[in-house]
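Here's the structure we're looking at; comments come further down.
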């Protein structure tokens with residue numbers, strides 16, 4: 001119910017816009033689009049098939065172009081950029097914040113970058129070069145160098161006068177940073193504190209020196225975790241000498257959290273979170289082909305196991321009918337354990353210190369499930385084929401395969417992680433290879449020994 | 454690489470703690486634990502097996518108990534609460550914010566709730582009752598009634614004096630809200646604006662009336678989307694008469710975004726995002742049994758298809774060896790389409806207006822993949838079994854099953870959504886039922902007609 005209500009709103013916008021586009025009346029489309037925030041326009045463009053997408057992109061206010069480019073996936077961004085001439089691009093991106101511009105640089109044509117650099121003053125050019133010198137996915141890339149700093153040896157009154165002279169504060173400023181003469185980070189002062197203290201209050205009484213600064217080389221995942229765990233709105237970034245370099249704000253962190261969530265959900269299916277819903281067919285098929293090719297390879301592994309037992313199958317066709325159940329149930333059970341482990345690894349909840357206890361728990365769960373479902377399955381098979389020994393074989397095979405599934409579900413992601421691979425991406429393929437192969441092997445093997453031996 | 458570095462930190466904490474626990478020296482454990490934020494303590498407790506978990510829980514500073522309870526999943530929370538006596542519980546929760554307390558109420562024993570209600574003043578009691586009157590998962594439950602309001606017909610100076618008198622502001626206050634005499638929401642004033650304008654400036658010149666207020670009945674998903682898309686730090690909540698009721702802040706929204714991401718990743722495997730890594734075995738097995746039982750039922754569907762062709766299999770055992778490949782590849786390809794669709798539906802990018810175009814794109818991708826992989830598969834099968842007609846059959850069956858997979862991948866989630874079901878939860882089961890059943894049917898059917906007919 002809640003799902004439906006929530007969805008109605010965006011879906012309605014989409015339908016309205018789609019109708020207006022179909023009717024060819026671009027005036028209403030333009031008005032509709034430009035009531036949206038850049039992120040909403042980005043979402044809308046992602047939902048439009050090529051053709052319509054270019055039409056709507058042409059109707060977006062030029063001043064929003066840069067922000068919209070920041071809010072779409074890599075693939076869609078490339079297609080939008082390909083649609084703009086260099087002058088438009090320069091105009092779109094030259095007013096962006098330094099950290100946002102650094103995000104886009106890789107996707108811009110060289111001529112546009114040159115033009116943008118020329119249009120900047122020296123200070124901003126140096127800031128951009130600085131930002132680009134940090135590796136992607138680190139705090140250095142995320143931070144904005146635009147911060148307001150004050151000294152400790154002054155009063156609220158002086159700071160207020162300074163701020164009034166300065167005028168506007170950078171977006172999402174909730175704290176001013178207190179620095180030493182050498183620009184070392186000493187602590188922060190909440191805007192709220194400035195507002196609730198008497199003008200004469202000394203600044204050094206208001207300093208909160210509890211918040212740790214973020215190291216410029218910290219990964220964005222760790223930055224996101226700290227923000228989420230500590231309810232931060234912004235945090236200072238320093239270098240190894242504690243010199244204040246910039247500031248990270250929660251809005252950029254929210255984007256990281258959303259990207260990581262998408263990555264986890266999509267990579268289990270071998271997809272990239274930047275995949276465009278409407279990728280050109282030649283592009284989509286090539287990427288998926290790789291994934292399906294890998295899966296085809298592992299499927300052959302399972303197949304060679306079945307091949308070993310072709311005589312048994314020829315003798316008792318019921319084996320061919322029932323073997324997918326044993327393999328498939330192992331896959332389902334293992335996928336459950338894998339999903340729990342991938343989440344645990346992402347949250348840092350799973351490690352060498354508790355892996356053994358987890359495995360033990362999952363083995364017990366698998367044993368009980370195997371005995372329970374095995375009994376049900378055995379009874380059905382008995383009723384169907386009238387062979388009590390066959391039902392004993394399938395019940396035992398199911399139980400054993402669930403034990404293998406639990407073991408693989410715990411150990412495969414841990415091993416991948418230790419080897420530096422992404423457990424969310426490769427875990428599923430390896431797991432189902434184990435559960436398919438072992439499922440066929442155990443069931444057909446037991447059947448051959450017990451029924452046909 | 455980045456993954457490893459990030460993970461090191463939490464893993465190291467965990468190992469240190471685990472070692473200290475094993476050694477029985479609780480002093481260091483207590484010190485270690487109480488340097489962490491409540492969210493980090495929550496994460497830590499989730500990662501500890503029962504036994505150790507209770508020990509560490511006992512060492513957490515009493516004043517953090519309430520906040521920690523807010524930061525763990527439902528299951529872990531129940532186990533922690535079961536471990537406390539009523540007095541401890543009352544002390545832990547009575548100082549929480551109203552919105553947080555409302556979150557916990559369902560999990561508290563009645564005696565504790567009575568005690569907490571008695572300890573509150575009338576105003577807070579009414580606020581709590583008010584909060585509980587809104588349905589879960591709506592803005593009403595998320596909001597905090599503690600807001601700072603000002604009138605429009607005054608000056609910066611007067612507001613500053615009022616704030617100094619008032620003292621501390623509620624956490625994460627970045628705006629004051631301007632209300633009418635009847636407490637209707639008129640707009641907001643940034644703290645930054647108060648700091649950067651002259652004392653004599655009239656408040657009504659500083660008002661930002663662009664930010665829409667959130668309706669108290671809005672779903673939390675939609676609230677999260679608006680925050681993320683508009684880079685909000687906080688937003689006002691109003692009733693249907695535009696009366697200001699409270700304020701939602703980004704820290705609570707970040708929790709929602711993380712919960713929803715977990716839901717999407719785990720529900721595809723039939724798991725609940727509140728599942729405890731160390732659920733007691735009897736609990737874990739029961740829940741998983743339901744999911745595996747459903748999968749067992751659908752597996753039988755596919756099995757009955759194979760049963761129809763038992764004579765063909767007896768005649769040509771190669772069919773039994775190869776049939777899992779056709780079914781499995783269909784499942785893999787369909788899961789990719791499903792994952793894209795589930796994300797698109799969650800972001801509101803997919804609807805009736807573009808479903809047809811998406812289906813058409815996916816069918817073309819499936820056709821090319823089917824022909825490409827079918828050729829590879831056909832050649833391998835030819836080399837293996839030396840039967841050209843068998844390779845023709847399996848190549849055709851694969852192509853046809855990929856077309857079914859693409860169709861199911863697009864239509865199943867759309868249909869589930871329209872019927873009010875969660876596409877992330879039920880989509881996978883239905884999809885693999887289609888790809889298994891159709892895979893066996895098409896392959897065995899074609900083989901029977903062409904090879905054995």
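Residue numbers (this note's numbering), protein chains in the order written: chain E, 1 to 453; chain W, 454 to 906.
The C-beta atom is built at its ideal place from N, Cα and C for all residues, glycine as well.
Under three-state DSSP, which class holds residue i?
{"i": "residue 158 of chain E", "result": "helix"}
{"i": "residue 144 of chain E", "result": "strand"}
{"i": "residue 365 of chain E", "result": "helix"}
{"i": "residue 655 of chain W", "result": "strand"}
{"i": "residue 208 of chain E", "result": "strand"}
{"i": "residue 751 of chain W", "result": "helix"}
{"i": "residue 591 of chain W", "result": "strand"}
{"i": "residue 37 of chain E", "result": "coil"}
{"i": "residue 794 of chain W", "result": "helix"}
{"i": "residue 568 of chain W", "result": "helix"}
{"i": "residue 513 of chain W", "result": "coil"}
{"i": "residue 349 of chain E", "result": "coil"}
{"i": "residue 715 of chain W", "result": "helix"}
{"i": "residue 900 of chain W", "result": "helix"}
{"i": "residue 437 of chain E", "result": "helix"}
{"i": "residue 482 of chain W", "result": "helix"}
Going along chain E, which residues have a C-beta under 7 Å from residue i?
{"i": "residue 613 of chain W", "result": "195"}
{"i": "residue 773 of chain W", "result": "306, 313, 320"}
{"i": "residue 490 of chain W", "result": "229, 230"}
Against residue i, what residues of chain E qualify as contacts under a CB-to-CB distance less than 9 Å, listed in chain order?
{"i": "residue 507 of chain W", "result": "Result: empty, since nearest Cβ-Cβ is about 14 Å, beyond 9 Å."}
{"i": "residue 782 of chain W", "result": "292, 295, 296, 299"}
Please list the partners that residue i has in chain W, where partner means a Cβ-to-Cβ separation under 7 Å.
{"i": "residue 361 of chain E", "result": "731, 734"}
{"i": "residue 335 of chain E", "result": "722"}
{"i": "residue 317 of chain E", "result": "763, 766, 767"}
{"i": "residue 40 of chain E", "result": "682"}
Using a Cβ-Cβ cut-off of 6 Å (strictly less than) and excluding sequence neighbours within five positions of residue i, which residues of its own chain qualify?
{"i": "residue 520 of chain W", "result": "491"}
{"i": "residue 702 of chain W", "result": "625, 687"}
{"i": "residue 481 of chain W", "result": "473"}
{"i": "residue 422 of chain E", "result": "none"}
To which residues does DSSP link residue i through a beta bridge?
{"i": "residue 247 of chain E", "result": "E/144, E/236"}
{"i": "residue 189 of chain E", "result": "E/176"}
{"i": "residue 668 of chain W", "result": "W/691"}
{"i": "residue 637 of chain W", "result": "W/696"}
{"i": "residue 603 of chain W", "result": "W/631"}
Among the options, which has the Cα closest to the Cα of residue i?
{"i": "residue 401 of chain E", "options": "E/415, E/426, E/373, E/390", "result": "E/373"}
{"i": "residue 136 of chain E", "options": "E/378, E/104, E/114", "result": "E/104"}
{"i": "residue 190 of chain E", "options": "W/509, W/640, W/624", "result": "W/624"}
{"i": "residue 168 of chain E", "options": "W/633, W/649, W/604, W/596", "result": "W/649"}
{"i": "residue 41 of chain E", "options": "W/815, W/679, W/757", "result": "W/679"}
{"i": "residue 198 of chain E", "options": "W/578, W/617, W/692, W/665", "result": "W/617"}
{"i": "residue 668 of chain W", "options": "W/739, W/691, W/786", "result": "W/691"}
{"i": "residue 324 of chain E", "options": "W/886, W/559, W/684", "result": "W/886"}
{"i": "residue 698 of chain W", "options": "W/715, W/666, W/722", "result": "W/666"}
{"i": "residue 256 of chain E", "options": "W/684, W/731, W/728, W/501", "result": "W/684"}
{"i": "residue 427 of chain E", "options": "E/342, E/351, E/362, E/356", "result": "E/342"}
{"i": "residue 254 of chain E", "options": "E/62, E/33, E/71, E/175", "result": "E/71"}
{"i": "residue 878 of chain W", "options": "W/591, W/892, W/748", "result": "W/748"}
{"i": "residue 540 of chain W", "options": "W/599, W/741, W/566", "result": "W/566"}
By Cβ distance, which residues of its chain are closer than 8 Å to residue i, with the 5 residues on each side in sequence left out?
{"i": "residue 243 of chain E", "result": "182, 183, 184, 185"}
{"i": "residue 379 of chain E", "result": "391"}
Starting from residue i, find everything on chain W with Cβ-Cβ shorter than 8 Å and list it in chain order.
{"i": "residue 291 of chain E", "result": "785, 789"}
{"i": "residue 175 of chain E", "result": "Correct list: empty, because the minimum Cβ distance to chain W is about 11 Å."}
Which residues in the same chain as residue i place their Cβ atom closer than 7 Å to its Cβ, once the five residues preceding and following it in sequence are excluded?
{"i": "residue 595 of chain W", "result": "552, 673, 676, 701, 705"}
{"i": "residue 851 of chain W", "result": "779, 782, 823, 826, 827, 830"}
{"i": "residue 904 of chain W", "result": "769, 842, 843, 846"}
So residue i contacts chain E; which residues on that side make the cut at Cβ distance below 8 Å?
{"i": "residue 496 of chain W", "result": "229, 347, 348, 349"}
{"i": "residue 825 of chain W", "result": "285, 289"}
{"i": "residue 598 of chain W", "result": "Chain E residues near residue 598 of chain W: none, gap ~18 Å exceeds 8 Å."}
{"i": "residue 517 of chain W", "result": "Ordered by position in chain E, no residue passes the 8 Å Cβ test against residue 517 of chain W, which lies about 13 Å from the chain."}
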